[in-house]
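Quick note: the sequence shown uses our numbering, first residue 17, plus one each step.
Ideal Cβ positions, reconstructed from N, Cα and C, are used throughout, including at glycine.
Nothing here was measured: the structure is a model prediction, and the numbers come from that model.
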Amino acid sequence: MIILAIETSCDETGVAISRNGREILANKLHSQADLHALYGGVVPEIASRNHMLILAKLVESALHEAGLQKSDLDAVAVTYAPGLIGALLVGVNFAKSMAYALGVPLIPVHHIHGHIAANYIAYPALEPPFLCLVVSGGHSQLVDVRGYTDMRVIGATRDDAAGECFDKVARVLGLGYPGGKALDDLAQSGSDSAYDLPRASVDSAPLDMSFSGLKTAVLNKIHNAEQKGEVLDRPGLAASFAAAVSDTLVPRAMLAASLLGHTKLCVAGGVAANTRIRADLDAAARRAGCTLYLPPQSLCGDNAAMIACQAFYEKRPSPLDNLAQNAYATMPL
Ligand code: KG4
Ligand code: ZN
Numbered sequence: 017m018i019i020l021a022i023e024t025s026c027d028e029t030g031v032a033i034s035r036n037g038r039e040i041l042a043n044k045l046h047s048q049a050d051l052h053a054l055y056g057g058v059v060p061e062i063a064s065r066n067h068m069l070i071l072a073k074l075v076e077s078a079l080h081e082a083g084l085q086k087s088d089l090d091a092v093a094v095t096y097a098p099g100l101i102g103a104l105l106v107g108v109n110f111a112k113s114m115a116y117a118l119g120v121p122l123i124p125v126h127h128i129h130g131h132i133a134a135n136y137i138a139y140p141a142l143e144p145p146f147l148c149l150v151v152s153g154g155h156s157q158l159v160d161v162r163g164y165t166d167m168r169v170i171g172a173t174r175d176d177a178a179g180e181c182f183d184k185v186a187r188v189l190g191l192g193y194p195g196g197k198a199l200d201d202l203a204q205s206g207s208d209s210a211y212d213l214p215r216a217s218v219d220s221a222p223l224d225m226s227f228s229g230l231k232t233a234v235l236n237k238i239h240n241a242e243q244k245g246e247v248l249d250r251p252g253l254a255a256s257f258a259a260a261v262s263d264t265l266v267p268r269a270m271l272a273a274s275l276l277g278h279t280k281l282c283v284a285g286g287v288a289a290n291t292r293i294r295a296d297l298d299a300a301a302r303r304a305g306c307t308l309y310l311p312p313q314s315l316c317g318d319n320a321a322m323i324a325c326q327a328f329y330e331k332r333p334s335p336l337d338n339l340a341q342n343a344y345a346t347m348p349l
C-alpha cells in the first residue's frame, strides 16, 4: 500500500511517501524557521501562508524522488491535530482535495501518533506494546502504547512542555528560534554542575512533571547576572539546564516502564534529539535491562515520513468517508 502523507501542524511543511508503512520512498521537508526567527517564534498566519505556497511543489518533488505517479497512490494521509489550526487546515484541505481528485481514501493522523511511529521507521522489527516518552515543543508525555492506535497517556507535564522551556531559555540567551538545538550545542562545552537548578515533582503523581519552576529559575539566573554585571557561564547554564530537564524526564520514563512491565522504551518528538537526554536514557535503560529505541535526530523533529508510516496502521476508510474531515488545534491521544 502506497501512502502519500502531508504534515503542516507547525512551521515545517512535510510531504512523504511510504510503502506498507515502514518503507519510506520519499521524505521532503521544507522548514520555515528562517521566516519565523525574525519574530522570535512561530507566527501562525505566516506558517499557514507558506504551507499553502509550497505544498504542491513538495508533492511533485516527493513523487519524483519515489519514482511514482499520482495514480500510483493508494491513499493520502494528513496530520489533522493537534497544532496551529490555520496551518493544519491548509494541510487537511490540500490532502482532502488530492484524495477526492484521485478517488482514494483520506487517512487522518494524530500528530503525536506520528511522532511515536518515527520509531517504526527507525526500527523495522519494533511492535507495540512499549512505553514511549514523547517530548516535543508542545508535549511532554509518557504514553503506554498498547497497540498501533491504542494509547494511553499515563504521565504528563502540568505546565510547560520540555521543548517550550528549551526554546524560552535559548531565546533569553540570544540563541534565536527554535533554540533547542543551539542550547544543546552550547551545553557541550559546559559543566552540568555550574548552576544549582530545581527538579520539581508533583505531589502524589509520580509520573507527572513540571518545568515552569525550572524555566523561571534559569531566567532569574540570567537576569540576576545581568543586573549585577556578573559574567554568565553560558555553556555551564546550558549544561545545568539540560541536566535538570533530563533528571525530570528520564527517571519518570524508567518508573513508568517498570510500573507497566514494559521492557521496550521508545522516545519521540523534537526534544528526543537532545544529547544529554539521549545519553541519560541510554545509561538508565542499560541499568534497568530495558531495550531503548531512539530514532535518529532527523526523525525526531516534525516530518511527514512519520505520518506516512502511522497512516498504514490507522483504520482504512473508503474513498469518500473522510471528505468532511476537520482539523483541531487540540486533541487527546
Ligand atoms: O517535535 P517537534 O519538531 O515539534 C513539535 O511537535 O513541537 O519539536 C520541536 C521542539 C522545539 O522546542 C525544539 O527547540 C526542540 O524540539 N529541539 C530540541 C533539540 N532539537 C529540537 N530540544 C533540545 N535539544 C535538541 N537537540
Ligand atoms: Zn511535532
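Buried or exposed (CB count within 10 angstroms, at least 16 for buried), residue i
{"i": "A203", "result": "buried"}
{"i": "K350", "result": "Because the chain spans 17 through 349 in this model, residue 350 falls outside it and cannot be assessed."}
{"i": "Y55", "result": "exposed"}
{"i": "L20", "result": "buried"}
{"i": "R162", "result": "exposed"}
{"i": "D212", "result": "exposed"}
{"i": "H155", "result": "buried"}
{"i": "D219", "result": "exposed"}
{"i": "P312", "result": "exposed"}
{"i": "G285", "result": "buried"}
{"i": "K13", "result": "Nothing about residue 13 can be read from this structure; the chain reaches only from 17 to 349."}
{"i": "E76", "result": "exposed"}
{"i": "S207", "result": "exposed"}
{"i": "A93", "result": "buried"}
{"i": "G277", "result": "exposed"}
{"i": "S209", "result": "exposed"}
{"i": "A115", "result": "buried"}
{"i": "R292", "result": "buried"}
{"i": "G83", "result": "exposed"}
{"i": "E23", "result": "buried"}
{"i": "R268", "result": "buried"}
{"i": "N319", "result": "buried"}
Close Cβ partners of residue i (< 7 Å) along its chain, the five nearest in sequence each way excluded
{"i": "I101", "result": "A343, A345"}
{"i": "L51", "result": "I62, N66"}
{"i": "Q341", "result": "Y96, V108, K112, L122, P124"}
Own chain residues within Cβ distance below 6 Å of residue i, not counting five before or after
{"i": "D88", "result": "I18"}
{"i": "Q157", "result": "V150, V169, A172"}
{"i": "A13", "result": "Coverage of the chain is limited to positions 17 through 349, which leaves residue 13 absent and any answer about it impossible."}
{"i": "L79", "result": "none"}
{"i": "M68", "result": "V106"}
{"i": "G130", "result": "M322, I323, Q326"}
Of the residues the options, the one placed nearest residue i, counting alpha carbons only
{"i": "C4", "options": "K44, A138, R250, V169", "result": "The chain is shown only over 17 to 349; residue 4 falls outside these bounds and no answer can be derived."}
{"i": "L230", "options": "R250, S262, D201, E246", "result": "S262"}
{"i": "M270", "options": "D296, P251, L248", "result": "D296"}
{"i": "C26", "options": "E76, P98, L69", "result": "P98"}
{"i": "V234", "options": "L223, G57, D224, L248", "result": "L248"}
{"i": "T279", "options": "L265, F146, H127", "result": "F146"}
{"i": "P348", "options": "A93, C325, A141, I128", "result": "I128"}
{"i": "D201", "options": "N290, G119, R174, Y193", "result": "N290"}
{"i": "R38", "options": "A255, C181, E143, K184", "result": "E143"}
{"i": "V120", "options": "A91, Y96, K112, H131", "result": "A91"}
{"i": "S152", "options": "Y116, E180, K86", "result": "E180"}
{"i": "C325", "options": "K197, Y139, L84", "result": "Y139"}
{"i": "V404", "options": "R250, D318, E246", "result": "Past the boundaries of the shown model lies residue 404; the chain is included only from 17 to 349, so the question cannot be answered."}
{"i": "P194", "options": "V58, H46, E23", "result": "V58"}
{"i": "E330", "options": "L84, L104, M167, A141", "result": "M167"}
{"i": "V283", "options": "V106, S113, Y309, D160", "result": "Y309"}
{"i": "F182", "options": "A258, L122, R174, A78", "result": "A258"}
{"i": "I70", "options": "L223, Q48, L84, T232", "result": "Q48"}
{"i": "A103", "options": "G130, E28, A221, I323", "result": "E28"}
{"i": "L265", "options": "P222, E246, N36, I132", "result": "P222"}
{"i": "P214", "options": "A260, L253, D176", "result": "A260"}
{"i": "A141", "options": "R294, P60, T307, S64", "result": "T307"}
{"i": "L45", "options": "R174, E81, R268, T165", "result": "E81"}
{"i": "D176", "options": "S205, R332, D224, A255", "result": "D224"}
Same chain, Cβ closer than 8 Å to residue i, five either side skipped, listed in chain order
{"i": "A321", "result": "A21, G30, A32, S34, I40, N43, A134, I137, L315"}
{"i": "A304", "result": "M270, A273, S274"}
{"i": "L118", "result": "K86, S87, L89, V92"}
C-beta neighbour in chain D for residue i, strict 7 Å
{"i": "A299", "result": "Here chain D cannot be found, since the structure has a single protein chain."}
(message) Tell me whether the stretch 185 to 195 and the stretch 223 to 240 touch, counting them as touching only if at least three CB pairs, one residue from each stretch, are closer than 8 Å.
(response) yes
(message) With three or more beta-carbon pairs closer than 8 Å as the criterion, would you say the stretch 325 to 336 touches the stretch 285 to 300?
(response) no
(request) Starting from the N-terminal end, write out each residue whose C-beta falls within a distance shorter than 5 Å of any non-hydrogen atom of ligand 1. (result) S152, G153, G154, G179, F182, D183, P194, G196, K197, D200, G285, G286, V287, A289, N290, G317, D318
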